[in-house]
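Peer 1:
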Amino acid sequence: MTAEALADLHAACFPLRPWSAGELEALCAEEGAVLERVAQGFALARVTLDEAELLSIAVAPEAQGRGIGRALLGALVTRLAARHVTQLFLEVAEDNAPARALYAQAGFEEVGRRRGYYTRPQAAAVDALVLRRKLRAKSV
4 MTAEALADLH AACFPLRPWS AGELEALCAE EGAVLERVAQ GFALARVTLD EAELLSIAVA
64 PEAQGRGIGR ALLGALVTRL AARHVTQLFL EVAEDNAPAR ALYAQAGFEE VGRRRGYYTR
124 PQAAAVDALV LRRKLRAKSV
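In this text, residue positions in the sequence shown follow this note's numbering: the first is 4, and each later residue adds one.
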């Protein structure tokens with residue numbers, strides 16, 4: 004999947020602030036970037052030492068609800084654990100019920116909140132929930 008295809012998919016999923024092909028290309032080129040992709044979706048994370056952050060997960064709107072996001076997240080977690088990542092963090096809009104359900108089912112727990120993080124035109128700002136999933140015990 005090209006950077007342009009990733010950007011088109013991201014724009015279909017996040018029309019208020021889509022990432023450009025250039026932004027996605029730069030993110031994917033970063034040291035520590037981990038990209039899982041299928042024809043109808045992708046998950047992108049960044050690893051720093053023994054922690055990772057899920058930067059984005061996107062599934063084409065017409066393919067949502069078919070388990071693609073769950074499969075992408077599962078594959079990403081497997082790859083991160085193989086790299087000895089101990090924790091995976093992410094931020095999700097408090098009002099994004101489908102994403103919150105996916106993350107809860109995948110074992111993520113709320114560990115923080117960023118008040119008014121997501122701004123929206125003609126609507127009140129929405130809090131971002133900071134979620135974490137422990138992937139493996141730290142070795143001593």
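Where a beta carbon is used, it is the ideal one built from N, C-alpha and C, also for glycine.
Since we're looking at a predicted model, the values are computed, not measured.
Start and end of the beta strand (DSSP E) containing Q135?
Peer 2: Working through the sequence shown from its first residue, we reach residue 135 at position 132. One point to set straight first is that residue 135 is Arg, not Gln, in the sequence displayed. Counting along the chain, the beta strand (DSSP E) containing R135 begins and ends at 126-137.
Peer 1: So within the region 8-48, which uninterrupted alpha helix (DSSP H) runs reach at least 4 residues, ignoring any that extend past its ends?
Peer 2: You should have 24-32.
Peer 1: With C-beta atoms as the reference, is V60 less than 8 angstroms away from G72?
Peer 2: In the sequence shown, residue 60 corresponds to position 57, counting from 1. In the sequence shown, residue 72 corresponds to position 69, counting from 1. Residue identity check: residue 60 is Ile in the sequence provided, not Val. Contact flag set, yes.
Peer 1: Could you compute how far the alpha carbon of L38 sits from the alpha carbon of E56?
Peer 2: Indexing the sequence shown from 1 puts residue 38 at position 35. Indexing the sequence shown from 1 puts residue 56 at position 53. Cα-Cα distance, rounded: 12 angstroms.
Peer 1: Roughly how far, in whole angstroms, is the beta-carbon of V129 from the beta-carbon of E97, given that I think they are within contact range, below 8 angstroms?
Peer 2: As a position in the sequence shown, residue 129 is number 126, starting the count at 1. As a position in the sequence shown, residue 97 is number 94, starting the count at 1. Sure, about 6 angstroms apart at Cβ, within 8 angstroms.
Peer 1: So, is A48 buried or exposed, given that buried needs 16 or more other C-beta atoms within 10 angstroms?
Peer 2: One-based indexing of the sequence shown puts residue 48 at position 45. The residue in question, A48, is buried, as its Cβ has 16 or more Cβ neighbours within 10 Å.
Peer 1: Measure the CB-CB distance between F92 and E54 and report whether it falls below 8 angstroms.
Peer 2: For the purposes of this step, residue 92 is taken as residue 89 along the sequence shown, with counting starting at 1. For the purposes of this step, residue 54 is taken as residue 51 along the sequence shown, with counting starting at 1. It is a contact, given that the beta carbons lie within the stated cut-off.
Peer 1: If the criterion is Cβ atoms closer than 8 angstroms, does the pair V114 and R103 meet it?
Peer 2: Locating residue 114 in the sequence shown gives position 111, where the first residue counts as 1. Locating residue 103 in the sequence shown gives position 100, where the first residue counts as 1. Not a contact, by the Cβ cut-off of 8 angstroms.
Peer 1: In this structure, how does DSSP classify V50 when only helix, strand and coil are distinguished?
Peer 2: Against the sequence shown, residue 50 aligns to sequence position 47. If DSSP states are grouped into helix, strand and coil, V50 belongs with the strands.
Peer 1: Would you mind sorting F45 into buried or exposed? The rule is 16 or more other CB atoms within 10 Å of its CB.
Peer 2: What you label residue 45 is simply residue 42 of the sequence shown in a count that begins at 1. The residue is buried, with at least 16 neighbouring Cβ atoms inside 10 Å.
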